[in-house]
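Chemist: Under my numbering, read the sequence shown as residues 2 to 604, first letter to last.
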Amino acid sequence: MVKSMPARSEVSIDETWDLQSLFPSDEAFHEALSALEKEVDTFASTYKGNTKDAASVNELLKAYAEINEKFVPVGTYASLKISTDQTDDEAQMLSSKFGSSAAKVNSKLSFVTSELLALPEETLEQAMQESDEFKVYLEKLIRKKQYQLHPEVEKTLAAYSSTFNAPYGLYNTTKMVDMSFDDFEVDGKSYPLSYVSFEGDWEAETDTAKRRAAFDAFSKKLKDYQHTTAKTYDMQLQTEKTTSDLRGYDSIFDYLLFNQEVDRSLYNRQIDLITSELAPHMRKYAKLLQKAHGLEKMTFADLKISLDPTYEPEITVEESKKYINDALGIMGEDYLEMIERSYSERWIDFAQNKGKSTGAFCSSPYGNHPYILISWTGRMNEVFVLAHELGHAGHFYNANRAQNIFNARPSLYFIEAPSTMNEMLMANHLLENSKDPKFKRWVISSIVARTYYHNFVTHLLEAAYQRKVYERIDAGQSVNAGILNNLKRGVLEEFWGDTVEINDGAELTWMRQPHYYMGLYPYTYSAGLTISTQVSKRILEEGQPAVEEWLEVLKAGGTKSPVELSKMAGIDITTDQPLRDTIAYIGELIDELEKLTEEIEGE
Numbered sequence: 002m003v004k005s006m007p008a009r010s011e012v013s014i015d016e017t018w019d020l021q022s023l024f025p026s027d028e029a030f031h032e033a034l035s036a037l038e039k040e041v042d043t044f045a046s047t048y049k050g051n052t053k054d055a056a057s058v059n060e061l062l063k064a065y066a067e068i069n070e071k072f073v074p075v076g077t078y079a080s081l082k083i084s085t086d087q088t089d090d091e092a093q094m095l096s097s098k099f100g101s102s103a104a105k106v107n108s109k110l111s112f113v114t115s116e117l118l119a120l121p122e123e124t125l126e127q128a129m130q131e132s133d134e135f136k137v138y139l140e141k142l143i144r145k146k147q148y149q150l151h152p153e154v155e156k157t158l159a160a161y162s163s164t165f166n167a168p169y170g171l172y173n174t175t176k177m178v179d180m181s182f183d184d185f186e187v188d189g190k191s192y193p194l195s196y197v198s199f200e201g202d203w204e205a206e207t208d209t210a211k212r213r214a215a216f217d218a219f220s221k222k223l224k225d226y227q228h229t230t231a232k233t234y235d236m237q238l239q240t241e242k243t244t245s246d247l248r249g250y251d252s253i254f255d256y257l258l259f260n261q262e263v264d265r266s267l268y269n270r271q272i273d274l275i276t277s278e279l280a281p282h283m284r285k286y287a288k289l290l291q292k293a294h295g296l297e298k299m300t301f302a303d304l305k306i307s308l309d310p311t312y313e314p315e316i317t318v319e320e321s322k323k324y325i326n327d328a329l330g331i332m333g334e335d336y337l338e339m340i341e342r343s344y345s346e347r348w349i350d351f352a353q354n355k356g357k358s359t360g361a362f363c364s365s366p367y368g369n370h371p372y373i374l375i376s377w378t379g380r381m382n383e384v385f386v387l388a389h390e391l392g393h394a395g396h397f398y399n400a401n402r403a404q405n406i407f408n409a410r411p412s413l414y415f416i417e418a419p420s421t422m423n424e425m426l427m428a429n430h431l432l433e434n435s436k437d438p439k440f441k442r443w444v445i446s447s448i449v450a451r452t453y454y455h456n457f458v459t460h461l462l463e464a465a466y467q468r469k470v471y472e473r474i475d476a477g478q479s480v481n482a483g484i485l486n487n488l489k490r491g492v493l494e495e496f497w498g499d500t501v502e503i504n505d506g507a508e509l510t511w512m513r514q515p516h517y518y519m520g521l522y523p524y525t526y527s528a529g530l531t532i533s534t535q536v537s538k539r540i541l542e543e544g545q546p547a548v549e550e551w552l553e554v555l556k557a558g559g560t561k562s563p564v565e566l567s568k569m570a571g572i573d574i575t576t577d578q579p580l581r582d583t584i585a586y587i588g589e590l591i592d593e594l595e596k597l598t599e600e601i602e603g604e
């Protein structure tokens, strides 16, 4: 039964993460931030205007790396503090303080890029020859040269960074602070509703009347805020468009894909192929759900239910450890030690409370250990969510130790491959260790409903919608709630056809996703899962050699492009074969679900 959310102060400390490895107190944070501002002033007075040759380039970058390393803990602390309770006034003020301070600091540091790019390219190439440490950083910097603006313009833009980030903060405040949900009623009985309880519980509720009533109540509240949220999103889009134009990119797509180090063909392929070729498989899955639940019609509000409403394993946080260790043990002792520490040293925030960010994420500050946020409801499928976030943790646990701060982070295109890889390893482990057809069906349906639905359907349809939005913005237009609702509804109707009724409220799902404030992010989930599906097959077939290659990929961080990283793992993403193979694999899983259902019902 879904309960009302407690305040953050009421949850057990054991369910929360421990931020003391970042700072022991808010006072220590403020002291570090103040010290950093002074260090930046000293750095600027020491190095500004003094970079003339290869030796001074490398000297500058060494000091710049040290400044960046000190910037990480203060930014992480401010972000993590507010993510667990966005209603907390002190956390809000602390976050705002960091935002304004970061803008000043970035403005003062903007000379680094400007002065380096003003040097002859031969000087930068010589610096690369003299120091491997900054080779990748300088290569990426040279690539940006054609889009670099006058130093004073760069300084001004950096000073406005907190203003440019304001739409995302405004979105979160609207969603997690201002938006308060009333209880809803079914058959005269009242039930509590919140963002977290809807996405964590009510969406998957097996009682159809309650599930649909929760969806309607949730959508009704979203609708009250649609115009404010649309205006906030349009501010984000117009900022991106202006930046793209100022810097001289051919399109907003080229601007947003530039740092991902992939071209538009890889971006468009993910959206176009999945939209057309995965749809028939997912429609078959929707019909299977409809039949299993005896529904007269299948609506958008019914798509997150489990295939077997009578079989929903529950799991405690403590029990999840064994599943995680057993499934990910193949990754080796070092990886397992990281997992053990994540539980014992409280790297994970499991609590459910008011004001907490929805969904789950992993923050991996350079020079420190990762932090994972999740709202644990006790459903077995959350072991997949936790495995996913531990995949991010394991990625940066390896990359941060192997690379310098500039080289640790890979392209956004690749970022979801290590996380979804862990979901595949979890699924493979569970399937290998049970003969029970009901459990086997639950595992496969979890892979389809969570791993693939989440990454190949939910996020991919967000990407298809997002592409339509950016096409409007690139043409010099803007958006409002009516336009966004129509675009979202159109994408959903195209994918689901007449198999699923796109009921009122479905079009408002664009309001639920923070990824829209992170550029072209949603499509990368399917890109990452395409890579991890193929690599997980290699691990199943080849064992340890494939694991060792994968660990080397994780350690490589951002030293290689997504194409090169995938090649290291034995996958060629320059062709559409890995994606077609993955779509076919999803089809096979759904066929297997049909067979298992017939077998179980025939017993």
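The beta carbon of each residue, even a glycine, is placed where N, CA and C say it ideally should be.
Reducing DSSP to helix, strand and coil, say where E374 ends up.
Modeler: Here residue 374 turns out to be Leu, not Glu, going by the sequence shown. Three-state result, L374: strand.
Chemist: For I289, which residues in the same chain have their Cβ closer than 8 Å to its Cβ, ignoring the five residues on either side in sequence?
Modeler: As written in the sequence, residue 289 is Leu, which differs from the Ile given in the question. Within the same chain, L289 has close Cβ partners L308, I591, L594, E595, T598.
Chemist: Tell me where the beta strand (DSSP E) around F24 begins and ends.
Modeler: Looking at the DSSP string, F24 is not in any beta strand (DSSP E), and its letter there is neither H nor E.
Chemist: Using CA coordinates, which residue listed in N405, F259, V197, G333 is at the minimum distance from L374?
Modeler: The shortest C-alpha separation from L374 is found at V197.
Chemist: Less than 8 Å between the beta carbons of R9 and D86, yes or no?
Modeler: Yes, Cβ-Cβ distance for R9 and D86 is below 8 Å.
Chemist: Just to confirm, is the Cβ distance from Q271 to S527 under 8 Å?
Modeler: Cβ atoms of Q271 and S527: closer than 8 Å.
Chemist: Along the chain, where does the beta strand (DSSP E) containing K190 start, and where does it finish?
Modeler: Start and end: 190-192.
Chemist: Based on the DSSP output, what are the partners of E186 in its beta bridges?
Modeler: Answer is S191, bridged to E186.
Chemist: Using three-state DSSP, classify F407 as helix, strand or coil.
Modeler: Three-state result, F407: coil.
Chemist: Let me know the secondary structure DSSP gives R380 once reduced to three states.
Modeler: Here R380 sits in strand by DSSP.
Chemist: On a Cα-Cα basis, can you pick out the residue from E508, P7, N382, L150 that is closest to G201?
Modeler: Closest option to G201, Cα to Cα, is N382.
Chemist: Alpha carbon to alpha carbon, how far is A302 from M2? Give it in angstroms, no decimals.
Modeler: Residue placement at M2 cannot be trusted, given a pLDDT of 47 that sits under 50; what the coordinates show is reported in the next sentence. Their backbone Cα atoms lie some 19 Å apart in a straight line.
Chemist: Just the Cα atoms here: how many angstroms apart are A64 and L110?
Modeler: So the alpha carbons of these two residues sit roughly 12 Å apart.
Chemist: Are the beta-carbon atoms belonging to P74 and A36 less than 8 Å from one another?
Modeler: No; because the gap between Cβ atoms is not below 8 Å, this pair is not in contact.
Chemist: Between H396 and G588, which are expected to be in contact by the criterion C-beta below 8 Å, what is the C-beta distance as a whole number of angstroms?
Modeler: Actually they do not touch by this definition, with Cβ atoms about 29 Å apart.
Chemist: In three-state terms, what does DSSP make of D303?
Modeler: D303: helix per DSSP, three-state reduction.
Chemist: Can you have a look at P579 and say buried or exposed, based on whether 16 or more other CB atoms are within 10 angstroms of its CB?
Modeler: Looking at its Cβ environment, which holds 16 or more other Cβ atoms inside 10 Å, P579 is buried.
Chemist: Going by alpha carbons, who is nearest to V458 out of K176, Y286, D19?
Modeler: V458 has its Cα closest to that of Y286, out of K176, Y286, D19.
Chemist: Can you give the Cα-Cα distance for A153 and T240, rounded to whole angstroms?
Modeler: It should be noted that the sequence gives Glu, not Ala, for residue 153. Their backbone Cα atoms lie some 19 Å apart in a straight line.
Chemist: If we call anything under 8 Å between Cβ atoms a contact, is L81 one with S364?
Modeler: Cβ atoms of L81 and S364: closer than 8 Å.
Chemist: Measuring CA to CA, which of Y372, E126, E155, L158 is closest to I143?
Modeler: I143 has its Cα closest to that of E126, out of Y372, E126, E155, L158.
Chemist: Rounding to the nearest angstrom, what Cα-Cα distance links L606 and K146 in this structure?
Modeler: Within the shown structure, residues of the chain are numbered from 2 to 604, placing residue 606 beyond reach of any answer.
Chemist: Helix, strand or coil: which one does DSSP assign to S132?
Modeler: Here S132 sits in coil by DSSP.
Chemist: Can you find the residues in the same chain that come closer than 7 Å, C-beta to C-beta, to K222, ignoring five residues on each side of it along the sequence?
Modeler: The residues are M180, F182.
Chemist: Give me the Cα-Cα distance between V449 and I340, rounded to the nearest whole angstrom.
Modeler: Taking the straight line from one Cα to the other gives about 25 Å.
Chemist: On a Cα-Cα basis, can you pick out the residue from R451, E315, S26, M427 that is closest to N326?
Modeler: Selected option, being the one with the closest Cα: M427.
Chemist: What are the start and end residues of each continuous beta strand (DSSP E) run of 3 or more residues lying completely inside the region 329-377, in chain order?
Modeler: List check, beta strand (DSSP E) in window: 362-364, 372-374.
Chemist: Does the Cβ of A210 have 16 or more other Cβ atoms within 10 Å, making it buried, or fewer, making it exposed?
Modeler: Its Cβ having fewer than 16 others within 10 Å, A210 is exposed.
Chemist: Mark G506 as exposed unless 16 or more other C-beta atoms lie within 10 angstroms of its C-beta, in which case mark it buried.
Modeler: Buried.
Chemist: Count the other CB atoms within 10 Å of the CB of E11; is the residue buried (16 or more) or exposed (fewer)?
Modeler: Exposed, by the Cβ-count rule.
Chemist: CB-CB under 6 Å to T88, same chain, minus the five flanking residues each way: which ones, in chain order?
Modeler: Within the same chain, T88 has close Cβ partners V178, G356.
Chemist: CA-CA distance, N481 and T500?
Modeler: Their Cα atoms are separated by approximately 29 Å.
Chemist: For a test of the three-state rule: what should DSSP assign to M2, helix, strand or coil?
Modeler: Below a pLDDT of 50, predicted positions are generally treated as unreliable, and M2, at 47, falls in that range; no measurement from the model is reported.
Chemist: Taking V384 and A361 to be in contact with their CB atoms under 8 Å, please state how far apart those CB atoms are, rounded to whole angstroms.
Modeler: Their Cβ separation, rounded to whole angstroms, is 12 Å, which puts V384 and A361 out of contact at 8 Å.
Chemist: Which residue from N269, S220, H430, V263 puts its Cα closest to that of L194?
Modeler: Out of N269, S220, H430, V263, S220 has the C-alpha closest to the C-alpha of L194.
Chemist: What do you reckon, are the CB atoms on Y367 and A394 nearer than 8 Å?
Modeler: No, the Cβ-Cβ distance between Y367 and A394 is not below 8 Å.
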